[in-house]
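Notes to accompany the following structure.
In full-length UniProt numbering, the protein residues as written are 1 to 251.
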């Protein structure tokens, strides 16, 4: 019996274990010669190749996209109708595709089958692992058309483009403030609520932003030599120069 070292999977065949391990590593060695499709399973690649060989005769009447199978068309139509027949039994989440429900259920089970082979990172989706691996490879496939900015995620490029368009989709419902990123709106709302989640462990100071806390802590660090003298006496943390060799020593 061949056992997976990352989960409880077992198989009497080594070939099956090899195929299974690709779930964890995200490796997809089987590539389509016609398009950019890749797969971890040769059977899935064969199915995909048929999409190039067979004429797509089923067309969505709402957006003119063609499909090879009626099941594919039905699944696509849910994006237009908003129909979400797949329901989570543990919360109020619902979706239009069974694959999305499977991914969602991992939030409840804690299952993270996709593991980085370079570090300890793990995740619930192969797409997230692909994005994570760019941290190690340095690949940044998304480029700004207005400047030399590049990034590893499409979402980051979308945020960056707002610096050129001045688009501010996030608006405060209590004043006229608007911004390009949801995180900035979250920080701004604290000016209305008075919430100060960042607190100094050395004094009573608190603030709305983590960078302000860091600046405040730096002030404590600047005062640390004086504090050490007054609290511990000159024998603690006192640094003098050795006249014989010019080196510094703690006394």
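Heads up, the beta-carbon is just placed ideally off N, CA and C, and yes, glycines get one too.
Checklist line | Closest Cα partner of residue 130 within the set 102, 152 and 144 | finding: Translated into the one-based positions of the chain shown, residue 130 becomes position 130. When only C-alpha atoms are compared, the closest one is 152.
Checklist line | residue 18 burial status per 10 Å Cβ neighbour count (16 or more: buried) | finding: Start at 1 with the first residue of the chain shown, and residue 18 comes out as number 18. Exposed, since its Cβ has fewer than 16 Cβ neighbours within 10 Å.
Notebook entry, point to check: With which residues is residue 31 paired in a DSSP beta bridge?
Noted result: What you label residue 31 is simply residue 31 of the chain shown in a count that begins at 1. In the DSSP output, where bridge partners are listed per residue, residue 31 has 38.
Note to self: Please tell me whether residue 142 and residue 155 are closer than 7 Å, where the distance is taken between their beta carbons.
What the structure shows: Within the chain shown, residue 142 is the residue found at index 142, counting from 1. Within the chain shown, residue 155 is the residue found at index 155, counting from 1. Result no, Cβ atoms of residue 142 and residue 155 do not sit closer than 7 Å.
Item checked: Beta-carbon proximity of residue 171 to residue 178, cut-off 7 Å -> As a first step, residue 171 must be located in the chain shown, where it is residue number 171. As a first step, residue 178 must be located in the chain shown, where it is residue number 178. Their beta carbons are under 7 Å apart, which means residue 171 touches residue 178 by this criterion.
Notebook entry, point to check: Distance, Cα to Cα, residue 120 vs residue 133?
Noted result: By 1-based counting over the chain shown, the position of residue 120 is 120. By 1-based counting over the chain shown, the position of residue 133 is 133. Approximately 12 Å between the Cα atoms of the pair.
Item checked: Where the alpha helix (DSSP H) through residue 65 begins and ends -> Reading the chain shown from its first residue, position 65 is the one you call residue 65. No alpha helix (DSSP H) holds residue 65; DSSP gives it neither H nor E.
Checklist line | Complete beta strand (DSSP E) runs within the UniProt domain "C2H2-type" (86-113) (minimum length 3 residues, chain order) | finding: none
Check: Around the Cβ of residue 114, are there at least 16 other Cβ atoms within 10 angstroms (buried) or fewer (exposed)?
Finding: The residue you call residue 114 lines up with position 114 of the chain shown. When all chains shown are included, residue 114 counts as buried.
Next item on the list: Let me know the secondary structure DSSP gives residue 75 once reduced to three states.
Entry: Looking up residue 75 in the chain shown gives position 75. Note: residue 75 maps to helix in three-state DSSP.
Note to self: Can you list, in chain order, the residues of its chain with a C-beta nearer than 8 Å to that of residue 118? Leave out the 5 residues immediately preceding and following it.
What the structure shows: To locate residue 118, count along the chain shown from 1; it is residue 118. So the qualifying residues of the chain are 133 and 136.
Next item on the list: Evaluate residue 164 with the Cβ neighbour count: other Cβ atoms within 10 Å of its Cβ, from every protein chain shown; 16 or more gives buried, anything less gives exposed.
Entry: Start at 1 with the first residue of the chain shown, and residue 164 comes out as number 164. Exposed.
Note to self: Using 8 Å for Cβ pairs, my map puts residue 97 next to residue 75. What's the rounded Cβ distance?
What the structure shows: Position 97 of the chain shown, counted from the first residue, corresponds to residue 97. Position 75 of the chain shown, counted from the first residue, corresponds to residue 75. With a Cβ gap of about 6 Å, residue 97 and residue 75 count as contacting.
Margin query: So, at 6 Å on beta carbons, what are the nonlocal neighbours of residue 168 in its own chain, with the 5 sequence-adjacent residues on each side left out?
Written below: Indexing the chain shown from 1 puts residue 168 at position 168. Cβ within range, chain order: 178, 179 and 180.
Notebook entry, point to check: Do you know offhand how far residue 27's Cα is from residue 116's?
Noted result: Position 27 of the chain shown, counted from the first residue, corresponds to residue 27. Position 116 of the chain shown, counted from the first residue, corresponds to residue 116. Cα to Cα, residue 27 sits roughly 10 Å from residue 116.
Check: Helix, strand or coil: how does DSSP classify residue 206 here?
Finding: Taking the first residue of the chain shown as position 1, residue 206 is located at position 206. If DSSP states are grouped into helix, strand and coil, residue 206 belongs with the strands.
Note to self: Under 8 Å: do the segment 62-75 and the segment 85-94 share three or more Cβ pairs, one atom per stretch?
What the structure shows: no
Next item on the list: Drop a sphere of 10 angstroms on the beta-carbon of residue 324, count the other beta-carbons inside from all chains shown, and report buried for 16 or more, exposed for fewer.
Entry: Residue 324 is absent from the structure shown; the chain starts at 1 and stops at 251.
Item checked: Min CB distance residue 125 to chain B below 7 Å -> Looking at the structure shown, chain B is missing, and only one protein chain is on hand.
Notebook entry, point to check: According to DSSP, which residues form a beta bridge with residue 10?
Noted result: Here residue 10 corresponds to residue number 10 of the chain shown, with the count starting at 1. For residue 10, which the question treats as bridged, DSSP gives the partners 3.
Check: CB residue 202 to CB residue 220, shorter than 7 Å?
Finding: In the chain shown, residue 202 corresponds to position 202, counting from 1. In the chain shown, residue 220 corresponds to position 220, counting from 1. Yes, the pair counts as a contact, with Cβ atoms nearer than the cut-off.
Checklist line | Endpoints, the alpha helix (DSSP H) within which residue 155 is located | finding: Residue numbering aside, residue 155 sits at position 155 when the chain shown is read from its first letter. From DSSP, the alpha helix (DSSP H) with residue 155 extends over 154-165.
Item checked: Proximal residues to residue 13 (C-beta, below 8 Å), its chain only, five neighbours per side dropped -> As a first step, residue 13 is located in the chain shown; it is residue number 13 there, counting from the start. 2, listed in sequence order.
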